[in-house]
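Asker: Just so you know, the sequences run in chain order A and B. The numbering of the first sequence is the working numbering, which starts it at 10 and goes up by one. The numbering of the second sequence is the working numbering, which starts it at 10 and goes up by one.
There are 2 protein chains.
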Amino acid sequence: MSSKPEINSRATSYDVARLAGVSQSAVSRCFKPGASISKKMRDKVVAAAEELNYQPNAIARSLISQRSHMVAILISSQINFYYPEVLFQLSDRFSKNGLRVLLFTINGEEDVADAIDQIWQYQADGVISASALSIEQHQLLQRRQIPVVMFNRYFYNLPTNTIWCDTESAVNEMISHLKDFGHSKFGLLRGPDYSMVSQERMRLVRQAIDTHGGQIVSESEGNYRYESAAAATQELMQHRVKPTAIIAANDMMAMGVLDELKNVMGKSVPADVSVVGFDGIWAASFASYELTTVRQPIGRMAEAAVEMIVDRIEKPTTSTEKRYLTGTFVQGTSTGPAKAK
Amino acid sequence: MSSKPEINSRATSYDVARLAGVSQSAVSRCFKPGASISKKMRDKVVAAAEELNYQPNAIARSLISQRSHMVAILISSQINFYYPEVLFQLSDRFSKNGLRVLLFTINGEEDVADAIDQIWQYQADGVISASALSIEQHQLLQRRQIPVVMFNRYFYNLPTNTIWCDTESAVNEMISHLKDFGHSKFGLLRGPDYSMVSQERMRLVRQAIDTHGGQIVSESEGNYRYESAAAATQELMQHRVKPTAIIAANDMMAMGVLDELKNVMGKSVPADVSVVGFDGIWAASFASYELTTVRQPIGRMAEAAVEMIVDRIEKPTTSTEKRYLTGTFVQGTSTGPAKAK
DNA sequence: TAAAGTTTTGTTTGCGAATGCAAGAATGCT
DNA sequence: AGCATTCTTGCATTCGCAAACAAAACTTTA
């Protein structure tokens, strides 16, 4: 209340107890929600605590209670607007749930290993992984009994907690939408071949193309990053039969494709070529792009991830679960009628 | 080494000590760099530790050593590509310095207050603030003896540790560049008026315009966000004397201006209007924008911030310091010759 | 009003590692 | 060899709080 310019050394629960004339355990109870304590006692303690500017030491509390109330987030530090969106969504929600975020930005395999050690050392209550994680690393965390939720990651035949975006019907809509515009020659810009997300997206795309008719006239592999799209676009367009629509495995690359087409190759989008992506990142909706895409419900996915990890922390024996949230088809202006031959 | 599918309960230094036939303090010393310990002892301990998969408990270590090796980062969760860039740069560097990042994404005043409490409770060793922080809140942290480094924030007349980008000469270059292109009628899109960054940038812009000649024909205020640029652009362009160049207080808004001009108002950039921004965010370099801008050396600034906070943690009595890193003028294609009248 | 039940409070121990101190081992020096 | 010096090691204590248990205070009920 009053401003205190002087330097306080940190007050402990004993200091508060002494000032309030009660025992240390009373102070502890006063700060533990749901503990049995009388109003009179609480008032006394609170008054003393305020006087001393006391706040419980979370470190000590973590040590004794074996619960740090910290959750680790592993996230790729790759320059891809998708990740920051996920991260901020997760972080906002964790703080609303009374959990602190221990952030690990991942640049490579060795960063993950390091992060896993730190998670263990800091007794993180749980882990959300939105970055590459090997099966071994996942198992290591399991052995250490740390709940893990994979965000848009997956292992076949392994019991993992996963939040996944189901894009099947949206992909169907997307291809149908392109078909309606008269597209039948597609160019595919895949993500890295090891990426399950890319594999799945491309599988659904092929399946939908089979269903609706049309053919894939050229293919290329990118690394999900904006920069990788330039060369890939050239490759896709140099094919003898040119695609009239390019399907990129994520928005970031789709933006790169669009930029390469429009600003480097002098093509017009969608008049000459249509472009679609995946993710529904914010930047894809900018007027310069207005991508047609399959949007992940990132907010809801983050929500679900937080719920799931909180459950697993509270009840570690809960069996694993995969939650599929449905992606939605978003029509932008990057798609239009196929150019007449 | 060998794969151990069974569930280990966590080993403590006592377990290791018992297995190695030494005292607990020997184990502790073995894991403390620079402690006095013989090779024979170290080998014994390391062997036992590996056998038990032991890693020191950072929580316990923090409690006794009064050093958590965690640094808090306060960062606005506003949708502005600048922040994620800063955050990832900081995070990557902290992990290289053996510090963990406790992330606080900030949505409003009350989030900051909450974060400050958590920082105190978790005994964070230091704080990097790249979000709004009131003087009172800053002082509270000072009273609690927690080193703070402000990232692109500032208080007049207060001893604070600050990393700041000095854009004076770059702004000069920018205006001179516009002048060379024949621009003399400028539209200013300010950031929020309380923002020191915006104040400073606009001050330098006005000063440079005074120096090089030219006039500000219209002004508007935005909130640094992409969306706020649309209406502001309309406002700027509806003036009786239309600006031939628009100067936005950050790239995010400059991108919005560009999009509004090109994609909504049907203008051409830079043929009809030139646009410039500030920050030098990655997205501003995309082919659809290629903004002319004043780039902050974000990497070096992050580096400096980390260095500074590490110094302050190691030697808390070090006097405060402001470090000004020089921004650079970056010429894109969003600027060109002023349209003949 | 006294016994039984309920709630509140205090006492004590322990979470897991770091560290000052003192004892013990190893080394240097004459 | 004998003594001083340096290096290692173990013992005991400490960090700040939580929680099991015991003791005390307060309610209820017959």
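For glycine and all other residues, C-beta sits at the position ideal for the given N, C-alpha and C.
With DSSP run on the structure shown, which of helix, strand or coil describes D288(A)?
Answerer: The answer is strand: DSSP assigns D288(A) an E or B state.
Asker: Which whole-angstrom value describes the C-beta separation of Y298(A) and M261(A), a residue pair presumed to lie in contact below a C-beta threshold of 8 Å?
Answerer: About 11 Å; that fails the 8 Å criterion.
Asker: Just the chain A side, please: which residues come within less than 8 Å of A69(B) by C-beta, in chain order?
Answerer: Result: L72.
Asker: What span of residues does the beta strand (DSSP E) with V214(A) cover, start to end?
Answerer: Per DSSP, V214(A) belongs to no beta strand (DSSP E); it is in the alpha helix (DSSP H), 205-221.
Asker: Let me know the secondary structure DSSP gives R19(B) once reduced to three states.
Answerer: Coil at R19(B), not helix or strand.
Asker: Can you tell which of K53(B), E244(B), V157(B), I125(B) has the C-alpha that lies nearest to the C-alpha of Q64(A)?
Answerer: For Q64(A), the nearest C-alpha among the options comes from I125(B).
Asker: Inspect the CB distances between the segment 33-48 of chain B and the segment 310-319 of chain A and report whether three or more fall short of 8 Å.
Answerer: Taking 8 Å as the limit for Cβ pairs, the verdict is that the segment 310-319 of chain A does not touch the segment 33-48 of chain B.
Asker: Between the segment 192-204 of chain A and chain B, which residues of the former have CB atoms less than 7 Å from a CB of the latter, in chain order?
Answerer: From the segment 192-204 of chain A, no residue has a Cβ closer than 7 Å to chain B.
Asker: I want to see whether chain B comes within less than 8 Å of D101(A), judged by CB atoms only; does it?
Answerer: Closer than 8 Å: yes.
Asker: Report the CB separation of A133(A) from I155(A) in whole angstroms; it is logged as a contact under 8 Å.
Answerer: About 7 Å; that satisfies the 8 Å criterion.
Asker: Since E60(B) is in the alpha helix (DSSP H), which residue starts that stretch and which ends it?
Answerer: Where E60(B) is concerned, the enclosing alpha helix (DSSP H) stretches over 48-61.
Asker: So, is the C-beta of A280(B) closer than 8 Å to a C-beta in chain A?
Answerer: With 8 Å as the cut-off, A280(B) does not count as an interface residue toward chain A.
Asker: Starting from Q224(A) and walking both ways along the alpha helix (DSSP H), at which residues does that stretch end?
Answerer: It is not in any alpha helix (DSSP H) - Q224(A) instead sits in the beta strand (DSSP E) that spans 224-230.
Asker: Can you find a CB in chain B that lies within less than 8 Å of the CB of R109(A)?
Answerer: It does: the Cβ of R109(A) has a partner Cβ on chain B nearer than 8 Å.
Asker: For a contact defined as C-beta to C-beta under 9 Å, what are the partners of P354(B) on chain A?
Answerer: Residue 354(B) lies beyond the range of chain B shown here (10 to 350); nothing can be said about it.
Asker: Could you tell me how far apart the beta carbons of V284(A) and L267(A) are, in whole angstroms, since I believe they sit closer than 8 Å?
Answerer: V284(A) to L267(A), Cβ: 5 Å. Contact.
Asker: Within 8 Å of any Cβ in chain B, is that where the Cβ of N116(A) sits?
Answerer: Chain B contact via Cβ: present.
Asker: Assign P14(A) to buried or exposed, taking buried as 16 or more other Cβ atoms, counted over all protein chains shown, within 10 Å of its Cβ.
Answerer: Confidence in P14(A) is poor, its pLDDT being 38 and thus under 50, which makes the residue's placement unreliable; the coordinate value appears in the next sentence. Label assigned to P14(A): exposed.
Asker: Would you grab the beta carbon distance between L83(B) and L142(B) for me? Rounded to a whole angstrom, and I think it's under 8 Å.
Answerer: Yes, L83(B) and L142(B) are in contact; Cβ-Cβ is about 7 Å, under 8 Å.
Asker: Under a CB-based cut-off of 8 Å, is M264(A) close to chain B?
Answerer: Yes, M264(A) counts as interfacial toward chain B.
Asker: Can you say whether S47(B) is buried or exposed, counting buried as having 16 or more other CB atoms within 10 angstroms of its CB?
Answerer: So S47(B) ends up on the exposed side.
Asker: Taking S297(B) as the query, report the chain A residues whose CB atoms sit under 9 Å from its CB, ordered along the chain.
Answerer: In chain order: M264, L267, D268, K271, N272, F295, S297, Y298.
Asker: Assuming I128(B) contacts A67(B) (C-beta within less than 8 Å), just tell me the rounded distance between them.
Answerer: Wrong, their Cβ atoms sit about 17 Å apart, outside the cutoff.
Asker: Is the number of C-beta pairs between the segment 222-233 of chain A and the segment 194-207 of chain A that are closer than 8 Å three or more?
Answerer: With a cut-off of 8 Å, the segment 194-207 of chain A and the segment 222-233 of chain A count as touching, because enough Cβ pairs lie within range.
Asker: Where Q359(B) and A293(A) are concerned, what is the direct C-alpha to C-alpha distance, given to the nearest angstrom?
Answerer: A question about residue 359(B) goes unanswered here, because the residues of chain B that appear run from 10 up to 350.
Asker: For a minimum of 4 consecutive residues, which ranges assigned as the alpha helix (DSSP H) are wholly contained in the segment 81-169 of chain B?
Answerer: Listed in chain order, the complete alpha helix (DSSP H) runs (minimum 4 residues) inside the segment 81-169 of chain B are 91-105, 118-130, 144-152.
Asker: By Cβ distance below 6 Å, which residues in the same chain neighbour Y92(B) in space, the five residues on each side in sequence not counted?
Answerer: Counting only Cβ-Cβ distances below 6 Å, and skipping sequence neighbours, we find I84, S85.
Asker: Counting contacts by CB-CB distance shorter than 8 Å, is A20(B) in contact with chain A?
Answerer: For A20(B), the answer is no, since every Cβ of chain A falls outside 8 Å of its Cβ.
Asker: Is there at least one non-hydrogen atom of the ligand GTP closer than 7 Å to the beta-carbon of G308(A)?
Answerer: Looking at this structure, you won't find the ligand GTP or any other ligand, since it has none at all.
Asker: List the residues of chain A whose Cβ lies closer than 7 Å to the Cβ of L112(B), in chain order.
Answerer: Neighbours of L112(B) on chain A, chain order: S100, V110, L112.
Asker: Could you compute how far the alpha carbon of F338(B) sits from the alpha carbon of E209(A)?
Answerer: For F338(B) and E209(A), the distance between alpha carbons rounds to 43 Å.
Asker: Closest by CA to A311(A), which one among V214(A), I218(A), R249(A), V158(A)?
Answerer: Looking at the Cα atoms, V158(A) is the closest of the given residues.
Asker: Which of the three DSSP states is assigned to D175(A) in this structure?
Answerer: In the structure shown, D175(A) sits in a strand (DSSP, three-state: E or B).
Asker: When the Cα atoms are used, what is the spatial distance from G191(A) to D175(A)?
Answerer: Between G191(A) and D175(A), the C-alpha separation is close to 26 Å.
Asker: Measure the C-alpha to C-alpha separation of I225(A) and P252(A) and round it to an integer number of angstroms.
Answerer: Between I225(A) and P252(A), the C-alpha separation is close to 8 Å.
Asker: Compute the Euclidean distance between the alpha carbons of R153(B) and A139(B), then round it to the nearest angstrom.
Answerer: Cα-Cα distance, rounded: 19 Å.
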